[in-house]
Every structure is written in C-alpha cells, then in structure tokens.
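Those protein sequences? They're chains G and E, same order as listed. Here the working numbering is used: position 233 in the first sequence is 661, and no number is missing along the way. Here the working numbering is used: position 184 in the second sequence is 190, and no number is missing along the way. Positions of the beta carbon are idealized from the N, C-alpha and C atoms, including for glycine. Here is the structure we will look at.
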Amino acid sequence: MNPAYSVIFFTAASGLGYGLLAFMGIFASLGLLPADRWFGFWGLGLALAAITLGLLSSTFHLGHPERAWRAVTQWQSSWLAREGVIALLTYVPAAILGIAWVFFEQLSGGVLVAAALAAILSLLTVYCTGMIYASLKTIPAWHQSSVPTNYMILAIMTGAVWFLALLYIFQLSTIPATVIALVMLAIGMAAKIRYWRQLDNAPVTSTSGTATGLGDLGEVRLLETPNTSANYLNKEMGFRVARKHAVKLRRVAIFTGFVLPIILVVLAALASGVPAVLFSVTAGLLMMVGIVTERWLFFAEARHVVNLYYGDTAI
Amino acid sequence: MTSLPANPSPTKLGLVIDLDICVGCHACAVNCKEWNTGGYHAPLTDTNPYDADPSGVWFNRVHAFEVGEGKSGRTVHFPRSCLHCEDAPCVTVCPTGASYKRNEDGIVLVDESMCIGCKLCSWSCPYGAREYDADAGVMKKCTLCIDRIYNQNMEAVDRVPACVSTCPAGARHFGDLGDPASDVSRLVTDRGGYDLMPEMETKPVNKYLPPRPRRHDNGEITEITRLEDASPEGGFLGWIDRLLTATGEAK
Chain G
429 MNPAYSVIFF TAASGLGYGL LAFMGIFASL GLLPADRWFG FWGLGLALAA ITLGLLSSTF
489 HLGHPERAWR AVTQWQSSWL AREGVIALLT YVPAAILGIA WVFFEQLSGG VLVAAALAAI
549 LSLLTVYCTG MIYASLKTIP AWHQSSVPTN YMILAIMTGA VWFLALLYIF QLSTIPATVI
609 ALVMLAIGMA AKIRYWRQLD NAPVTSTSGT ATGLGDLGEV RLLETPNTSA NYLNKEMGFR
669 VARKHAVKLR RVAIFTGFVL PIILVVLAAL ASGVPAVLFS VTAGLLMMVG IVTERWLFFA
729 EARHVVNLYY GDTAI
Chain E
7 MTSLPANPSP TKLGLVIDLD ICVGCHACAV NCKEWNTGGY HAPLTDTNPY DADPSGVWFN
67 RVHAFEVGEG KSGRTVHFPR SCLHCEDAPC VTVCPTGASY KRNEDGIVLV DESMCIGCKL
127 CSWSCPYGAR EYDADAGVMK KCTLCIDRIY NQNMEAVDRV PACVSTCPAG ARHFGDLGDP
187 ASDVSRLVTD RGGYDLMPEM ETKPVNKYLP PRPRRHDNGE ITEITRLEDA SPEGGFLGWI
247 DRLLTATGEA K
C-alpha cells in the first residue's frame, strides 16, 4: 500500500496526542497531578494540538475536504465514521477538563469524571483507527486482531514518554510515570517484533488462481496487463519501494522507536534537573522518528490482493 | 446509507463473462469508457493522455493470463470490472453514505456529490473495481450502465450495459442473476459459473464461466510444416528459380 504522508503523520500525531490526553486524564482523575494552571495548559495543549493537527492532516489527503463533516454520518457500518464520531466526542470532556484545569485550577468533583471520560474516549478513538485497517480483508497484513491492539499500545507508549518528559519539565514526581514508560516501551517493542514475525510467516490468503478462478487448470501467470503505464490501482495499492529496504527500516524503527528511548528514560531517571529534561525530551523525539518509520512500514509492507491481477501469484 | 439493504429485492442484476469465448479485443473496455465518459460518472478523466505516462479512469480492464504448462497451457483473456457484490465491503466502509447498494436491483453506486475522496472503498475491494478520479476528487466505478439499462429513450435491444452490447464475440451476458430461470442463471448452472476470490466473502453477483476443456487434447505439438515449397523443381516456376539462382542474386 502506498504510504500517504498525511496518513502517517495523522496516525503518529493523533496516537501521541490521545496517549498523552489519556495519561493527563487518568493521572488527574486519580488525584496524582497538581491543579497547576501551566502544567494543565502545556499537557493538555500539547495533547490537543497533536490530535487536532493530526485530524486536520488526515483531511489533506481527501479529494473533497470541505465535505469531511459527512464522514461522521455512517457510524453504524463504517469504522472510519466511528473514528470520526468518537474523535469529536473526545473534545467535550477534554474541553471541560482543560477549562477547569487551566482557567479555574479545579481538579475535583465532576472534573475528575470528565478527566476519566477523556482518557477512555481517547483510547477508543485509537482503537477505531486500528479497526479501519483491521477490517480490510483485502490486505491480509492488516486483517489481524493484533493491529488495533498495537495501535493502542503504541499510542499509550508515545503518550507515556511525552507525559514523563512533561513531568520532568515541571519537576513533578516521575517515579510511576518512569515505570509506565519503560514497561510500555518494552511492550511496544515486543508487540512490533511479534507483528513482523507473524507477517513474515503469514499463510497465503489468495492466489492468482483464486483471483481468476482458473487455479484448477494449472499455475496462473500474468501475460498482459490492461494498461501500458501505471493506473490508480498500481499507484495506490502496488507500492513496492520500501519493501526492498524493509529489514533495514525495521532495525531503524526498533532502535529509534524503542531501544534508544528505553536507554534515555533510564538515563533521565538516574540524572536530575536539566539533564533529565534533555534525556526525556530526546527520548520522545527519537521515539517519534521510530514511530513514523514503523508507520511507513505498516503501509509499505502491506500487500493488497488486487495485485494478483497485476503479476503477483500469492498474497 | 452505507449499510447494505436489510431486505434486498430478489432481483440481482449483473454480468456473466465467458472466459471460453473472450478473445481479449478490449472492445468492452473501450465502449465502457466511451459510454461512461458521457454518462453517470462523466467525465472519466484522463491525465497526460498524449504523454509518455498516460493515466485515466476505466471501469473495465482486460487482462491476459497464461494458465498451465506446455501442452496443457493456454492463454485466457480476462475482463475485470465491478462484480456488484451482495456483501459489498466498499459500501459498508464508506463513512459518508456516498457508496451504496440499490435495494431494487443490487447495483452498487457512488453518489459523487457526497463522496469525500478518502479512497477507503477502493482499499476494501478485492477486485480493483473502483478507480479514483484525482481531477474530480471523487471515487468512480461501474454503474452497470444504469443510464442505459433503464433508459426509455433507447430501443429495448440497446438497454444492456455498453460492454455487453459491443462484445463482438458474445462473451458477455447481462441479466437477473437472482432469478433462477433467467438466461444468465441457466448459463451459470450449465457451465459451472463461479465467483472470483470467494475467500473474500463478498458474494459477487457477476459470475465467470470457465474455459471449456480442449477438444483435441491428444495431439502432439510438432514443428510447423511449410505450406509452400520455396524451391520448386519443375515447370515454369522451376525454370524461373533456376534462372534467378544462376544469376547469383538468390539468397
């Protein structure tokens, strides 16, 4: 599948935003965060900025962005519509939490309920994002129960690391957040390695024989394509560039996305003051490089069964 | 609504494509383009049509496959278009309601005025039936020539999809596959018509008829025998041949 930059940016940024919002919400509702105006402003501001920029970027790849409002109407059948609905719903408790925290420095009573709700809806939105991909039978690499789980794991992970960086910046207690960040980085790495192992050993779903129905007559090979230069299907679904470098890119994703952030989070825990802030922020930035690489591969390595009509013999 | 019809009518309009007959002339694809570029989805935009890298929207594309090896090998021409599936995933994934399946005849259509161009429907289709028009910013697809088959301004004989009306070999048939007594349904029963990629669980309405078994399968493939001797022995041609050879110009 052709990795559209807007969708890669959207899923990486919104994943980070929803993860961070979830941590702000959960920690606030448990009474673990100070009702400090500036911490609330930067924490929720960063989360909502990442979410909003991500959502806006996802509309850039649309043919008619001005009709994007229609995309929330078919929530009964479409995971994309469900994602849109829950993404918009999330803004309501997030706004209540934000206004109470930033303007009134209030973190009690109903605000705690809004905080918990914001966290739950955040994770639900990411689940819907994963289900958009997992619901496509035509792309066996995505049609896996691990896909929405991994999207949620990586969102929680990216949120955890940036939440930790914020705690360092505001000189708040970092012990539980450090443990959570390290555990999530380890889970994230394990989940991704497991996904790639499954991908490499995936059974064949369809063949040129089932695609043409001629399999009983013998091996089916493409003789002539209908088109002399690439058509929409070839460009959108036949992307091959990154598959060539998949092994190297996987290594890049593992090191920048998980291994180096783990080392930097440990260094931050050992350090204090400005070095701790620098270590944790660098961990967050490197991790995002890894996540963007991982997201690129998620698209580039996924093969669509329509390629069986264009020369592939098994997918 | 992008939910599939809850109580669909028994009518299932669709095509039956005979892979035994198709000669791969691409007339169906060309006439499809010709009709539809002025039809429901007009225009079927072409980009760089006269450059080195032309691209454009087509609803019907003809592939050619080789099947089997050696003596049992054969070439099969394979037209590919929307199969108007009963469980059409392209309909249910649509977030806006632009993609829908008609209750009365099962035709799958896109309402361009509601399409946001997210392309998810084309991702969900195993058959590559949908092609995005980058110029119009919307998804386009086969309409089963809905603007022909119900068109009261046309002669009854012409009220078939453009691909069917133009096929010079009679490889394409149009009809109601929901009616077991229809001509197309009987063709499917008699000839063992089948679904493409049944493992995708889309329940296509369109069916394909397999190539018939070979009539002469025991013959040996031998070297081609020359039909005419290039060195005639006697007679007038022989004399000419000898004369020209003697002058030293023959090769």
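- Residue environment: G:T640 is assigned as buried (16 or more neighbouring CB atoms within 10 Å of its CB, all protein chains considered).
- Sequence-distant partners of G:V513 (beyond 5 residues in either direction) whose C-beta falls short of 8 angstroms from its own C-beta, in its chain, are V500 and W503.
- For the 8 angstroms CB-CB criterion, E:E75 and G:G646 form a contact.
- Where E:M145 is concerned, the enclosing beta strand (DSSP E) starts and stops at V144 to K146.
- Against chain E, the beta carbon of G:V575 has no neighbour under 8 angstroms; the closest one sits roughly 14 angstroms away.
- Counting only the Cα atoms, G:L627 lies some 39 angstroms from E:L19.
- Contact between G:S505 and E:T98 holds: CB atoms are separated by about 4 angstroms, below the 8 angstroms threshold.
- Taking 8 angstroms as the cut-off between beta carbons, none of the residues of the segment 236 to 253 of chain E comes near chain G.
- Setting aside the 5 residues that flank it on each side, G:A674 is surrounded in the same chain by L725, A728 and E729, each with a C-beta closer than 8 angstroms to its C-beta; the list follows chain order.
- At a Cβ-Cβ threshold of 8 angstroms, E:C169 and E:N66 count as neighbours.
- Under the 10 Å beta carbon count, E:I122 is surrounded by 16 or more other beta carbons and is classified as buried.
- Inclusion of E:G199 and E:L215 in the CB contact set at 8 angstroms is warranted, their separation being smaller than that value.
- Ranked by Cα distance from E:P132, the options G:H489, G:L736, G:A742 and G:A463 are led by G:L736.
- Residues of chain G with a Cβ closer than 8 angstroms to the Cβ of E:D59 are, in chain order, S657 and A658.
- Per the coordinates, the alpha-carbon of E:L150 lies some 52 angstroms from the alpha-carbon of G:A543.
- Around the beta carbon of G:L444, 16 or more other beta carbons lie within 10 angstroms, which makes this residue buried.
- Residue contact with chain E for G:P631: absent (no Cβ-Cβ distance below 8 angstroms to any residue of chain E).
- Each of E:R221, E:P219 and E:S128 was checked against the Cα of E:K147, and the nearest Cα belongs to E:S128.
- By the 16-neighbour rule on beta-carbons within 10 angstroms, E:Y56 is exposed.
- Annotation for E:A33: the continuous alpha helix (DSSP H) segment containing it runs A33 to N42.
- One finds nothing in chain E with a Cβ atom closer than 8 angstroms to the Cβ of G:L610; even the nearest lies about 36 angstroms away.
- If you compare the alpha carbons of G:S574, G:V720 and G:A463 with that of G:L535, the shortest gap goes to G:A463.
- In the same chain as G:A456, and ignoring 5 residues on each side of it, the C-beta atoms closer than 6 angstroms to its own belong to L535 and A543, in chain order.
- Against chain G, a Cβ distance below 8 angstroms from E:C88 picks out nothing, because the smallest value is about 13 angstroms.
- Contact of E:S128 with chain G is assigned, a C-beta pair being separated by under 8 angstroms.
- Under the criterion of beta carbons closer than 8 angstroms, G:L613 and G:P703 do not qualify as touching, at roughly 20 angstroms.
- Contact residues of the segment 26 to 43 of chain E toward chain G are G30, H32 and A35 (C-beta to C-beta distance below 9 angstroms).
- Spanning the alpha carbons of E:R220 and E:E72 requires a straight line of approximately 15 angstroms.
- Contact of G:E729 with chain E is not assigned, every C-beta pair being separated by 8 angstroms or more.
- Contacts between E:Y56 and chain G, judged by CB atoms closer than 8 angstroms, are missing: the closest CB pair is about 12 angstroms apart.
- Judged by DSSP in its simplified three-state form, E:S105 adopts strand.
- Here the alpha carbon of G:F598 sits roughly 9 angstroms from the alpha carbon of G:W466.
- Burial check for G:F667: the Cβ neighbour count within 10 Å reaches 16 or more, so the residue is buried.
- Residue burial is scored here from C-beta neighbours: G:L460 has fewer than 16 other C-beta atoms within 10 angstroms and is therefore classed as exposed.
- As a beta-bridge residue in DSSP terms, E:I23 pairs with E:R178 and E:Y214.
- Three or more Cβ pairs closer than 8 angstroms define a contact, and the segment 579 to 595 of chain G falls short of that threshold against the segment 101 to 120 of chain E.
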